[in-house]
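*Asks:* Dropping a structure here in structure tokens format, bear with me for questions.
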Amino acid sequence: MNEKEEELKRNIGTWGLSANLINIMIGAGIFVLPAIVAAGLGSASILAYLFCGLLISLVMLCFAEIGSKITDTGGAYAYIEGAFGKYFGFIAAVLFLVATISADAAVANTIIDILGSINPFFKGSIIKVFFFLLLFSGLGYINIIGVKEGIRLVKLITIAKIAPLLVLICLAWTKVDLVNLAWEFTPTVMDVGEVSLILFFAFQGAESGLSVSGEVRNPNKTIPRAILISILVVLLLYILIQTVAQGVLGETLAEFKENPLGEVASNIFGPIGFTLITIGAVVSMFGNLSSEILSMPRMLYRAAKDNVIPVNLASRVHKKYATPYLAIIMYVGLCFLFASLGGFKQLAILSSASILLIYLGVAIAVIKLRSKKEASVKNLKSFKIPGGLLVPIAAIVVILFFLSNLSRNELISIVTFIVFLSVFYFFMKKINNNR
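Plus 361 on top of the position in the sequence shown (first one is 1) and you've got the numbering used here.
The structure is reproduced here in structure tokens:
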């Protein structure tokens, strides 16, 4: 598919993009998931990881195919807008922004809460606001001065967050009791499905990382490779962490829901281990934010450049650094505002459903683009999922399964929000037409 005119530079390679995807996917969840999963499935927890890994792989295969065809900046937004037009692009852009900004604000609050548990100094309201200002303005500045600087920070933090987890896995392995890994019962498909609903959200995030696709070198090859690498790394790391946590703590794992990995580290290193893993959790969350702020302003930039959202300033590119600097400033500004105000539980309801709807749009877009016999698509020699339409159809079924498990209030909230966005879009379109 022909690329739209871009002013950004393609400086991101396979390992840079892989690090960005891994950094977003491995956030705070990995430090609490083992206890939550163990509470539902016990020593058979690995089944949920394998099942959830299969489900997210179906979705990510759809991203890999369409990402190798539509290589513009914007990721999932660009895929949906390119396949279905500006209205669906607008809905996708706003849902995406709501989901990620509310999630980033929540992560920032979690970081300051953890720091507050270590030192009461960080519990003051003014200190919190000042911390959020430094956090978001600092990350914003790094990404404004160049995508190379932003991706370099992402690579460093990815190593910093994975290294201590690998050390913990290696050292904890010597204290694993095989008796704790023996299955006491075989869970039902429904049991595995319920726990996988929780795990599914721990695997999401790659859709945000792909928003930098307009700055990726050789995107029709790099994007599928980076998606494959990131999914395999995250799945393997999650399984190893669950295994050692279960092997060391056994039945008591489910009791340490706030910080199970801290308890594992405490068993191995003593009190200092608990502190080190807690600091590791902060580093992991900081890494998650760094990747989000590298990625998501690109989606805002692309939507503004397409005139899909009425914020034309966001489409401006810095003359010296070749970065969408105003989109970055707007994004970190909103994150700072949401984090400072707190109390965004209503947005959290929209967040999970929003991401699922975006996944659904991408899966359907793959089917639509398959049906379009465009020479430009063929000439790209883009990645194509084997097995015909089996994978995108399976992905749609899985996504609908997850959506069916949303509560009635959540469904009403998301439908009401989409209706409001639709009215706003067509109202703005009518005004523009009259002009």
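Ideal Cβ placement from N, Cα and C applies to all residues, glycine included.
(1) Quick one: what does DSSP say isoleucine 728 is sitting in, helix, strand or coil?
(2) With distances taken from CA atoms, which of Ala714, Val723, Lys790, Leu782 is nearest asparagine 770?
(3) Rounding to the nearest angstrom, what Cα-Cα distance links valine 666 and valine 784 in this structure?
(4) Using 8 Å as the cut-off, can you tell me whether the segment 581-595 makes contact with the segment 422-433, which would need three or more C-beta pairs spanning the two stretches below that distance?
(5) Rounded to whole angstroms, what's the CA-CA distance from alanine 454 to serine 463? Just pull it up for me.
(6) Classify isoleucine 373 as helix, strand or coil using the three-state DSSP reduction.
(7) Would you kindly check if the distance between the Cβ of leucine 500 and the Cβ of leucine 650 is under 8 Å?
(8) CB-CB under 7 Å to valine 468, same chain, minus the five flanking residues each way: which ones, in chain order?
(9) Rounded to whole angstroms, how far is the Cβ of asparagine 372 from the Cβ of glutamate 576, which I believe are closer than 8 Å?
(10) Name the residue from Leu560, Asn793, Leu571 whose alpha carbon lies nearest to the alpha carbon of glycine 377.
(11) With isoleucine 488 as the anchor, note down where its alpha helix (DSSP H) starts and where it stops.
(12) Measuring alpha carbon to alpha carbon, tell me which of Trp544, Arg659, Glu568, Phe482 ends up nearest tyrosine 686.
(13) Keeping to the same chain, check which residues put their C-beta closer than 8 Å to that of phenylalanine 482; ignore five residues upstream and five downstream.
(14) Going by the beta-carbon positions, is the gap between leucine 750 and arginine 731 smaller than 8 Å?
(15) If I follow the unbroken alpha helix (DSSP H) through leucine 465, where does it start and stop?
(16) Taking its Cβ as the centre, do 16 or more other Cβ atoms sit within 10 Å of methionine 386, making it buried, or is it exposed?
(17) Would you call isoleucine 441 buried or exposed, if buried means 16 or more other Cβ atoms sit within 10 Å of its Cβ?
(18) Considering only residues of the same chain and omitting the five flanking positions on each side of alanine 409, which have a CB-CB separation below 8 Å?
(19) Can you tell me the Cβ-Cβ gap for isoleucine 592 and serine 418, rounded? I've got them flagged as a contact below 8 Å.
(20) Do you know whose CA, among Tyr786, Ser676, Val780, Gly641, lies nearest isoleucine 391's CA?
(21) Does the Cβ of methionine 421 have 16 or more other Cβ atoms within 10 Å, making it buried, or fewer, making it exposed?
(22) Mind checking glycine 608: buried by the 16 CB within 10 Å criterion, or exposed?
(23) Measure the Cβ-Cβ separation of leucine 596 and alanine 606 and say whether it is below 8 Å.
(24) Kindly list the residues whose CB is nearer than 8 Å to the CB of leucine 637, restricted to its own chain and excluding five residues on each side of it in sequence; keep chain order.
(25) Under the three-state reduction of DSSP, which class applies to valine 537: helix, strand or coil?
(26) Leaving out five residues before and five after valine 644 in sequence, what residues of the same chain have Cβ atoms less than 6 Å from its Cβ?
(27) Under three-state DSSP, which class holds valine 577?
(28) Only counting the same chain, and skipping five residues up and downstream in sequence, which positions put a Cβ closer than 7 Å to that of leucine 494?
(29) Which residues in the same chain have their Cβ closer than 7 Å to the Cβ of histidine 679, if we skip the five residues on either side of it in sequence?
(30) Candidates Phe492, Pro671, Phe412: which alpha carbon is nearest isoleucine 792's?
(31) What is the DSSP secondary structure of asparagine 766, counted as helix, strand or coil?
(32) Any idea if valine 540 is buried or exposed, counting beta-carbon neighbours within 10 angstroms, 16 or more meaning buried?
(33) What whole-angstrom Cβ distance do tyrosine 438 and alanine 664 have, given they're in contact under 8 Å?
(34) Go ahead and label glutamate 366 buried or exposed: buried means 16 or more other beta carbons lie within 10 angstroms of its beta carbon, across all protein chains shown.
(35) Under 7 Å Cβ to Cβ from glycine 722, same chain only, skipping five residues before and after it: list those, please.
*Replies:* Result, derived from the coordinates:
(1) helix
(2) Ala714
(3) It is lysine, not valine, that sits at residue 666 in the sequence shown. Going by the C-alpha atoms only, they are around 22 Å apart.
(4) yes
(5) 14 Å
(6) strand
(7) yes
(8) Gly388, Ala389, Met646, Asn649, Leu650
(9) 6 Å
(10) Leu571
(11) 486-505
(12) Arg659
(13) Ile488
(14) yes
(15) It is worth fixing the name first, because residue 465 is aspartate in this sequence and not leucine. Per DSSP, aspartate 465 belongs to the alpha helix (DSSP H) from 447-479.
(16) buried
(17) buried
(18) Val398, Gly401, Leu402, Val553, Val556, Ser557, Leu560
(19) 6 Å
(20) Gly641
(21) buried
(22) buried
(23) no
(24) Pro525, Ala626, Phe630
(25) coil
(26) Ala521, Lys522
(27) strand
(28) Phe697
(29) Ile505, Tyr686
(30) Pro671
(31) coil
(32) exposed
(33) 6 Å
(34) Below a pLDDT of 50, predicted positions are generally treated as unreliable, and glutamate 366, at 48, falls in that range; no measurement from the model is reported.
(35) Ile441, Phe449, Ala453
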